[in-house]
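Below is one structure, written out as structure tokens; comments come after it.
Residue numbers (the numbering used here), protein chains in the order written: chain X, 1 to 93; chain R, 94 to 572.
Given below as structure tokens:
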């Protein structure tokens with residue numbers, strides 16, 4: 001992991017970290033990568049990939065509507081809104 | 094690739110489509126908020142759609158059933174275990190900061206659809222959430238967000254790159270549209286965004302071993318634009334390659350007004366969605382019992398309906414295909430058949446009704462014609478109350494007003510005149526008024542018979558029963 005990769009990662013995750021902290025973050029991430037490298041060396045060819053440590057089957061719910069309109073509560077509790085919408089800084093694509 | 098007529102200037106287009114279909118569930122994919130189009134902004138939102146801390150998504154069984162249905166209809170493999178992943182990115186219409194989707198273990202894999210006799214493979218179909226909607230015109234310095242659509246279930250149907258021309262891509266898309274509407278899993282309304290399409294396009298020399306670099310065209314929202322966007326993109330890539338340059342792998346947007354595609358963003362940062370299994374949702378097993386239950390409750394598919402129509406109503410292949418092209422037309426036809434002649438009804442729907450729908454560019458559902466007033470019209474033709482010519486006039490009026498055929502016939506005085514004595518007196522007066530023609534006819538000018546028939550028709554404004562007129566004139570003239 002180098003500085004450019006880290007900057008990209010911080011941008012994607014919207015994490016604002018001071019440049020002075022970067023070497024420390026790189027060091028920590030590198031430790032994690034090392035751990036992954038160690039695991040890569042193991043022969044796991046006869047194991048199924050583990051997608052979730054819980055050996056459970058997901059539950060589902062019936063397709064029935066039972067919630068009420070909370071528009072006002074949601075808008076009132078948002079950082080910024082008008083009477084109908086959440087408002088955000090102009091998004092320019 | 095033998096006898097290939099899809100080459101353009103010696104280049105082979107290679108196309109794959111990703112079709113997003115909004116599922117017609119009552120509620121959203123992971124929240125109990127209502128799934129409905131066109132409601133007041135932000136009224137169909139739940140804590141889960143807001144992405145508030147501490148909430149947990151719970152899978153909607155209805156959406157899962159609809160995904161299974163699609164898999165069964167395309168002879169695909171239904172996952173024994175499906176897994177939801179997080180696709181991470183920041184955008185204001187995605188409050189959680191990630192979309193829940195399926196990457197490696199989708200609900201449906203390896204399907205196939207028949208497009209004009211060619212098998213087009215479906216790589217996979219997966220369940221995912223739709224994002225909210227952002228709008229930019231309300232304020233100068235603010236964008237506004239409506240989260241009603243946030244969390245609405247989508248089925249993303251990904252084809253293999255099996256399509257070879259723009260028109261084939263359109264036919265494939267129409268096939269998908271037909272399947273999802275037949276299955277009642279989506280209304281397939283492209284203008285309202287309930288069916289959206291991205292196209293992956295590349296070109297190659299026919300003898301090349303590898304596909305060319307592809308560009309992805311996003312968010313094409315009509316059948317017509319799919320064809321135009323793909324054709325534009327093929328031409329653009331040919332020009333690039335023939336000038337010795339390279340096609341860049343990028344996302345492009347189709348601009349319908351300018352009829353062109355253009356690059357959506359410069360890629361300073363490569364897209365990196367950092368997918369990982371969603372820890373809030375453990376793997377979901379799909380039991381054989383559930384699949385069987387869905388199968389049992391599945392509606393007839395287009396091909397099944399076509400073959401039943403052919404045997405049950407004695408239709409030919411073409412008639413059955415046209416009547417089954419859309420589920421609503423097939424249903425309309427069967428309702429009409431319950432009360433009147435299937436063959437005559439088929440001819441009138443395929444000919445006259447379709448002509449009217451095309452001319453006015455509306456769907457059967459939007460028109461004022463319904464199976465009841467239309468069946469009434471067919472019955473009037475069948476029992477000889479009106480001729481085919483008059484029936485067209487009645488249908489026009491029905492199209493405008495939605496009135497009953499009986500009413501229209503009565504109010505416009507269009508009823509066919511079959512009354513013998515009335516027709517005879519009209520015919521006699523025609524003969525009386527044209528003595529020289531009568532004489533000429535009697536001396537051998539047989540062709541004049543048509544003249545007399547024409548005169549009677551003119552006198553009755555086309556309402557005379559032609560069979561009766563012929564018989565009466567023959568009798569009168571032989572005297």
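Note that beta-carbon positions come from the ideal geometry of N, C-alpha and C, so glycine has one too.
Extent of the continuous beta strand (DSSP E) to which residue i belongs
{"i": "residue 426 of chain R", "result": "It is not in any beta strand (DSSP E) - residue 426 of chain R instead sits in the alpha helix (DSSP H) that spans 420-430."}
{"i": "residue 212 of chain R", "result": "211-222"}
{"i": "residue 541 of chain R", "result": "Run containing residue 541 of chain R: none in the beta strand (DSSP E); it sits in the alpha helix (DSSP H), 541-552."}
{"i": "residue 290 of chain R", "result": "288-297"}
{"i": "residue 226 of chain R", "result": "226-228"}
{"i": "residue 239 of chain R", "result": "235-239"}
{"i": "residue 484 of chain R", "result": "Not the beta strand (DSSP E): residue 484 of chain R falls in the alpha helix (DSSP H), residues 481-494."}
{"i": "residue 247 of chain R", "result": "246-252"}
{"i": "residue 576 of chain R", "result": "Here chain R comprises residues numbered 94 to 572, so residue 576 of chain R is not present and cannot be evaluated."}
{"i": "residue 402 of chain R", "result": "Segment 395-406 is the alpha helix (DSSP H) holding residue 402 of chain R; no beta strand (DSSP E) there."}
{"i": "residue 89 of chain X", "result": "86-89"}
Inter-residue CB distance, residue i and residue j (contact presumed, cutoff 8 Å)
{"i": "residue 387 of chain R", "j": "residue 145 of chain R", "result": "Their Cβ separation, rounded to whole angstroms, is 33 Å, which puts residue 387 of chain R and residue 145 of chain R out of contact at 8 Å."}
{"i": "residue 395 of chain R", "j": "residue 430 of chain R", "result": "With 8 Å as the limit, residue 395 of chain R and residue 430 of chain R do not qualify as a contact, their Cβ atoms being about 18 Å apart."}
{"i": "residue 340 of chain R", "j": "residue 262 of chain R", "result": "In fact, because the Cβ distance is near 18 Å, the residues do not count as touching under 8 Å."}
{"i": "residue 294 of chain R", "j": "residue 116 of chain R", "result": "Actually they do not touch by this definition, with Cβ atoms about 27 Å apart."}
{"i": "residue 516 of chain R", "j": "residue 565 of chain R", "result": "5 Å"}
{"i": "residue 272 of chain R", "j": "residue 112 of chain R", "result": "10 Å between Cβ atoms; not a contact."}
{"i": "residue 502 of chain R", "j": "residue 473 of chain R", "result": "7 Å"}
{"i": "residue 134 of chain R", "j": "residue 239 of chain R", "result": "4 Å"}
{"i": "residue 309 of chain R", "j": "residue 355 of chain R", "result": "With 8 Å as the limit, residue 309 of chain R and residue 355 of chain R do not qualify as a contact, their Cβ atoms being about 13 Å apart."}
{"i": "residue 477 of chain R", "j": "residue 511 of chain R", "result": "7 Å"}
{"i": "residue 244 of chain R", "j": "residue 122 of chain R", "result": "6 Å"}
{"i": "residue 283 of chain R", "j": "residue 314 of chain R", "result": "5 Å"}
{"i": "residue 376 of chain R", "j": "residue 58 of chain X", "result": "6 Å"}
{"i": "residue 100 of chain R", "j": "residue 256 of chain R", "result": "The pair is not a contact, with the Cβ atoms about 14 Å apart (cut-off 8 Å)."}
{"i": "residue 163 of chain R", "j": "residue 201 of chain R", "result": "6 Å"}
{"i": "residue 292 of chain R", "j": "residue 250 of chain R", "result": "Their Cβ separation, rounded to whole angstroms, is 13 Å, which puts residue 292 of chain R and residue 250 of chain R out of contact at 8 Å."}
{"i": "residue 70 of chain X", "j": "residue 148 of chain R", "result": "About 13 Å separates the two Cβ atoms, so there is no contact after all."}
{"i": "residue 521 of chain R", "j": "residue 569 of chain R", "result": "6 Å"}
First and last residue of the uninterrupted alpha helix (DSSP H) at residue i
{"i": "residue 86 of chain R", "result": "Missing from the structure shown is residue 86 of chain R; chain R here goes from 94 to 572 and no further."}
{"i": "residue 12 of chain X", "result": "3-12"}
{"i": "residue 520 of chain R", "result": "513-526"}
{"i": "residue 74 of chain X", "result": "71-76"}
{"i": "residue 324 of chain R", "result": "316-335"}
{"i": "residue 198 of chain R", "result": "Where residue 198 of chain R is concerned, there is no enclosing alpha helix (DSSP H), given that its DSSP letter is neither H nor E."}
{"i": "residue 415 of chain R", "result": "410-417"}
{"i": "residue 466 of chain R", "result": "464-475"}
{"i": "residue 449 of chain R", "result": "447-453"}
{"i": "residue 501 of chain R", "result": "498-504"}
{"i": "residue 436 of chain R", "result": "435-441"}
For residue i: DSSP bridge partner residues
{"i": "residue 204 of chain R", "result": "R:215"}
{"i": "residue 356 of chain R", "result": "R:345"}
{"i": "residue 181 of chain R", "result": "R:191"}
{"i": "residue 175 of chain R", "result": "R:377"}
{"i": "residue 306 of chain R", "result": "According to DSSP, which records beta bridges pairwise, residue 306 of chain R is partnered with nothing at all."}
{"i": "residue 533 of chain R", "result": "DSSP lists no partner for residue 533 of chain R."}
{"i": "residue 256 of chain R", "result": "R:108"}
{"i": "residue 267 of chain R", "result": "Bridge partners of residue 267 of chain R: none, in fact."}
{"i": "residue 369 of chain R", "result": "R:179"}
{"i": "residue 25 of chain X", "result": "According to DSSP, which records beta bridges pairwise, residue 25 of chain X is partnered with nothing at all."}
{"i": "residue 311 of chain R", "result": "R:346"}
{"i": "residue 576 of chain R", "result": "The structure shown does not extend to residue 576 of chain R, since chain R spans only 94 to 572, so no value can be given for it."}
{"i": "residue 170 of chain R", "result": "R:202"}
Chain C contact for residue i (CB, 8 Å cutoff)
{"i": "residue 87 of chain X", "result": "The structure shown contains no chain C; its protein chains are X and R."}
Near the ligand ATP: residue i beta-carbon under 7 Å from a heavy atom
{"i": "residue 356 of chain R", "result": "Of the ligands one can find in the structure shown there are none, so the ligand ATP has no counterpart to examine."}
Flag this pair as touching only if the stretch 520-530 of chain R and the stretch 496-504 of chain R have three or more C-beta atom pairs under 8 Å; answer yes or no. No contact exists between the stretch 520-530 of chain R and the stretch 496-504 of chain R.
I'd like the ranges of any alpha helix (DSSP H) spanning at least 4 consecutive residues and lying wholly in the stretch 99-156 of chain R. With a minimum length of 4 residues, the continuous alpha helix (DSSP H) runs that stay inside the stretch 99-156 of chain R are 140-143.
Segment contact flag, the stretch 216-235 of chain R with the stretch 186-196 of chain R, C-beta cutoff 8 Å, min 3 pairs: Yes, since at least three Cβ pairs between the stretch 216-235 of chain R and the stretch 186-196 of chain R fall closer than 8 Å, the two stretches touch.
How do the stretch 101-116 of chain R and the stretch 292-304 of chain R stand: do at least 3 beta-carbon pairs fall below 8 Å, yes or no? A contact exists between the stretch 101-116 of chain R and the stretch 292-304 of chain R.
Could you tell me whether the stretch 153-167 of chain R touches the stretch 178-191 of chain R, where touching means 3 or more Cβ pairs closer than 8 Å? At 8 Å Cβ cutoff, the stretches do not touch.
Which complete alpha helix (DSSP H) runs does the stretch 30-80 of chain X hold, if anything under 4 residues is left out? Taken in chain order, the complete alpha helix (DSSP H) segments of 4 or more residues contained in the stretch 30-80 of chain X are 71-76.
Cβ contact check for the stretch 476-492 of chain R and the stretch 539-546 of chain R: 3 or more pairs under 8 Å: At 8 Å Cβ cutoff, the stretches do not touch.
Would you call the stretch 365-376 of chain R and the stretch 168-184 of chain R in contact, with 3 or more CB pairs under 8 Å? Short answer: they touch.
When the Cβ atoms of the stretch 234-251 of chain R are set against those of the stretch 82-93 of chain X, are three or more pairs found closer than 8 Å? As far as the Cβ criterion goes, the stretch 234-251 of chain R touches the stretch 82-93 of chain X, which means the pair count is three or higher.
Give a yes or no on contact between the stretch 280-292 of chain R and the stretch 56-72 of chain X, applying the rule of three or more CB pairs nearer than 8 Å. No, they do not touch.
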